[in-house]
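A.B. asks: One structure follows; several queries about it will come next.
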Amino acid sequence: MQEQAATPEKRPQPAAVLMIQGTASDVGKSLVTAAIGRIMTRDGYRTAPFKSQNMALNSYVTEDGKEIGRAQGMQAEAFGITANTDMNPILLKPSGEMSAQIVVHGVPHTALSAREYREKFLPEAKSTVMDALGRLRTAYDIVLMEGAGSPAEINLKARDIVNMNLAGWADAPVLLVADIDRGGVFAFLVGTLELLEPHERARVKGFIINKFRGDLSLLQPGLDWLEQRTGIPVLGVLPFLPRLRIEAEDSVVLEGTSGRLRAKQGKELDIAVIRYPRISNFTDFDPLEDEPDTAVRYVSTAIELGTPDVIILPGTKNTAADLDYLREQGFPEAIAAALNQGTRQLAGICGGYQMLGLKLLDPHAVESAEPGEREGLGLLPLSTSFLQQKTTVRASGMLAQDHPLPLYGGEAASAPAAELPVAGYEIHMGITTNHDPASVRSLFQLKGPDGSMQQEGWGTPEGRVWGTYLHGLFHNDALRRAWLDGLRQSKGLAPLGQTFSAAALREQEFDRLADTVRASLDMAAIYEIMGVSQQGR
C-alpha cells in the first residue's frame, strides 16, 4: 500500500479515535487493530495506530533509528504509513522478573523495578502520552488506540495510562475483544464489565469475539444472551485464521513449539533456534518458517537439540543472563556434539552473536548487578563491551566480497556480492571487537552514517560458525534462498531457487486478514460509533 499524503492543515478538528481493548493479554488486540486500520485505510481514511505503553521484547526500529513496539510498526505498515515514536511513546523491555528498561520516544530512558515504575514514572507519564496522541490526531483522520492486557486489573487501575484512563482522556469509544479459543468467552466479557466503573462501562460500545471455530449458529444463543444481559451489541465474531503469516510481538506465541518430538513433516532442512528465557526479535525467522523445504523449531533444553542442519542463537534482551542459561542447560556441550556429528552451521544474531565470542565485558553493570565480565562460548575471536548507549539503526548494504557463507553454487556460479543486497536493522547495547581479523572473514559491507561502507558480522573461513548484529537478515529473499540452497547442496539436494517474496507475502496476509475481518465485522456500526462516514473523505 502506498502512503497517502498528509493534509493536517485542512482538518478543522482532531482525528476521530477508537480504542481496542481486550479481556486479557494475547486475545488478538494487535491483529484486530491492524485489520480494522487496513479496512479504514482502504476506505479512504488516513489512519494511524497508537499504543501509549507497550511491553515487549520484540521491537521495531523506525526510519530515524528509534525503537518502538513491533506491533505498532507492523500496524503502521498495514496502514501504509511510516512508523514513528508517537505511535508508541513508552516501551517497556523486561530485563528480569521484576525490572525493565524504559524506552521513551524510542530512546532508553532508565531501568526501573515494577514498583519504581509505578511510583516514580507513571505519575509523570500522562503528558508524554497525550502529547504524542495529540500530534497523531493532528496529522491523521483516524487514530486507532490499542489497550494492554485487561482494563479490569484492579491493582493497576489507579495509575493506568493505557486502558480506561486513556480512553477517558481521549474521550474514545471502546470495543472489547475476547478470545473464544481459550474458553470462557462470556465469563470474560461479562466479568470484565462487572469490574469496570459505571463511567468506564459506558465507554464500551461493542464486543468482538475472536478466533471462533465451528458453526456460528450454535453460538448464536450465547450472543443473544450476552446482548440482553449487557445491552452492548456483538459487532462481530471473527473466525480463527490458520497460518496467518503476520509477525507476532510476544514470545508467548512460541509456547508449544518445542522441538522435543516435533515431526519435520517431510521438510528437508532442519533449523533449531535456541529459545532462551529472554529471547527477542524472534520474528527474524518467520521467512524461514514459510519456506517449503525448511522446518524451524524452538528448543529450550539441550536434550531437544539433536543434530539439526543449522543451530541459531537468536537475539536476547540480556545476553549475559541467557548465556548463563545456556550453560545451566548444557547447551555448549550439546552444540559442540552437534557440530561434530553433522550440523552444518552455528549462527548467532545480535545477542547470540555476542555469545559466540571470547568475552562479555560489562564495565557499567548494564546487564548485571555489578561490573564484571563473562567467558563467551569462544567460537569466534571477538569480545563485546556493553555500553550505556544503545545502537538502534536501519542498515543496508551487500555481502562482503570475501564472505564465508556457503551459498548455493558459490559466488561465481550464482551472483556476485554486489547483486545480493542485504537490509535490516540493529538494536543492541554492545560494541564488538575482533581480536584476530586474519582468522575470520567479514559477512557484510553496510553503509555507515557518513555513507562509507563498513564491515559487519564475522564468520570462520568455511562458514560453519558465523554471527551478525543484523536483524531481518532472512527477510532478504535472494540471500535467504541462496543460503538455504547452499545447505541443500551440502546435503546432495537440488536447489529450489526463488520461492516467494517476503514483502509480497506480508501484503497478501494483511489483505487476507482485512478481507476476513470485513466480512465478519459490522464496520457500518463501528463508523457510526466513531461519528464518521463509512464512505471515507
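Take 3 as the starting number for the sequence shown in the working numbering and just add one per residue. We put the beta carbon where it would ideally sit given N, CA and C, even for glycine.
(1) Could you tell me which residues DSSP puts in a beta bridge with D181?
(2) For G412, is the classification buried or exposed, using 16 other Cβ atoms within 10 angstroms of its Cβ as the cut-off for buried?
(3) Looking at Q77 and G549, is the spacing between their C-beta atoms short of 7 angstroms?
(4) Note down the Cα distance separating R161 from H107, rounded to an integer number of angstroms.
(5) So, do the region 56–76 and the region 193–208 have three or more beta carbon pairs nearer to each other than 8 angstroms?
(6) Going by DSSP, what residue range makes up the beta strand (DSSP E) through Y62?
(7) Taking the alpha helix (DSSP H) that K361 falls in, what are its first and last residues?
(8) Can you tell me whether H201 is helix, strand or coil according to DSSP?
(9) With respect to the beta strand (DSSP E) encompassing V301, which residues constitute its N-terminal and C-terminal limits?
(10) How about the region 442–453 and the region 331–347: do they share at least three Cβ pairs that are nearer than 8 angstroms?
(11) Please report the straight-line C-alpha distance between P51 and K213, rounded to a whole angstrom.
(12) Excluding the 5 residues preceding and the 5 following L381 in the sequence, name in chain order all residues of the same chain whose CB lies nearer than 6 angstroms to its CB.
(13) What did DSSP end up calling I163 once you bin it into helix, strand or coil?
(14) Taking all protein chains shown into account, do 16 or more other C-beta atoms lie within 10 angstroms of the C-beta of A265, making it buried, or fewer, making it exposed?
(15) How would you call G453, buried or exposed, if buried means at least 16 neighbouring beta carbons within 10 angstroms?
(16) DSSP on N342, reduced to helix/strand/coil?
(17) R483 by DSSP, collapsed to three states: which one?
(18) With distances taken Cα to Cα, identify the nearest neighbour of T470 among A425, P153, T501, R514.
(19) Give a yes or no on whether the C-beta atoms belonging to N90 and G67 are separated by under 7 angstroms.
(20) State the Cα-Cα distance for the pair D181 and L33, rounded to the nearest angstrom.
(21) Would a C-beta distance cut-off of 7 angstroms place V145 and V236 closer than the cut-off?
(22) Assuming contact is defined by CB atoms lying nearer than 7 angstroms, are M147 and M21 in contact in what I supplied?
(23) Can you give the Cα-Cα distance for Q510 and T25, rounded to whole angstroms?
(24) Start and end of the beta strand (DSSP E) containing S32?
(25) Give me whichever residues DSSP pairs with V534 in a beta bridge.
(26) Taking S129 as part of the alpha helix (DSSP H), name the residues at either end of that continuous run.
(27) What number of angstroms, rounded off, separates the C-alpha of P10 from the C-alpha of T49?
(28) Measure how close the beta-carbons of H477 and P289 come, nearest whole angstrom, since I'm counting them as under 8 angstroms.
(29) Starting from the C-beta of T35, find all residues in its chain whose C-beta is less than 7 angstroms away, skip the five residues before and the five after it, and write them out in chain order.
(30) Check this for me: beta carbons of L363 and S398, under 7 angstroms apart or not?
(31) Please give the ranges of any beta strand (DSSP E) in the region 388–461, keeping only runs that are unbroken, at least 3 residues long and fully inside the region.
(32) On a CA-only basis, which of L325, T303, R184 is nearest A274? Give me that one, please.
(33) Is A189 buried or exposed, if buried means 16 or more other CB atoms sit within 10 Å of its CB?
(34) Using only CA atoms, which one of I351, Q456, H473, L422 lies nearest to R553?
(35) Taking just the CA atoms, how far does E118 sit from R490?
(36) Rounded to the nearest angstrom, what separates E69 and Q390 at their Cα positions?
C.D. replies: This is what the structure gives:
(1) N212
(2) Because the pLDDT of G412 is 48, which lies under 50, any placement of that residue in the model is unreliable, and the number read from its coordinates should be weighed accordingly. By the neighbour-count rule (16 or more Cβ atoms within 10 Å), G412 is not buried but exposed.
(3) The displayed coordinates of the chain run from 3 to 539. Any statement about residue 549 would go beyond what the structure contains.
(4) 20 angstroms
(5) no
(6) 61–63
(7) Counting along the chain, K361 falls outside any alpha helix (DSSP H), though it belongs to the beta strand (DSSP E) covering 361–364.
(8) helix
(9) 296–301
(10) no
(11) 22 angstroms
(12) L358, V467
(13) coil
(14) Confidence at A265 is low in this model, with a pLDDT of 41, below 50, so its placement is unreliable and no value can be given for it.
(15) exposed
(16) helix
(17) helix
(18) A425
(19) no
(20) 12 angstroms
(21) no
(22) yes
(23) 29 angstroms
(24) That residue, S32, is in no beta strand (DSSP E); its alpha helix (DSSP H) goes 31–44.
(25) None; V534 has no bridge partner.
(26) 127–141
(27) A caution first: P10 carries a pLDDT of 43, below 50, which makes its placement in the model unreliable, though a value can still be read off. If you take the alpha carbons of P10 and T49, they lie about 13 angstroms apart.
(28) 5 angstroms
(29) I22, P51, Q77, L146, E148
(30) no
(31) 423–436, 443–449, 455–461
(32) T303
(33) exposed
(34) Not covered by the structure: residue 553. The range shown for the chain is 3 to 539.
(35) 52 angstroms
(36) 16 angstroms
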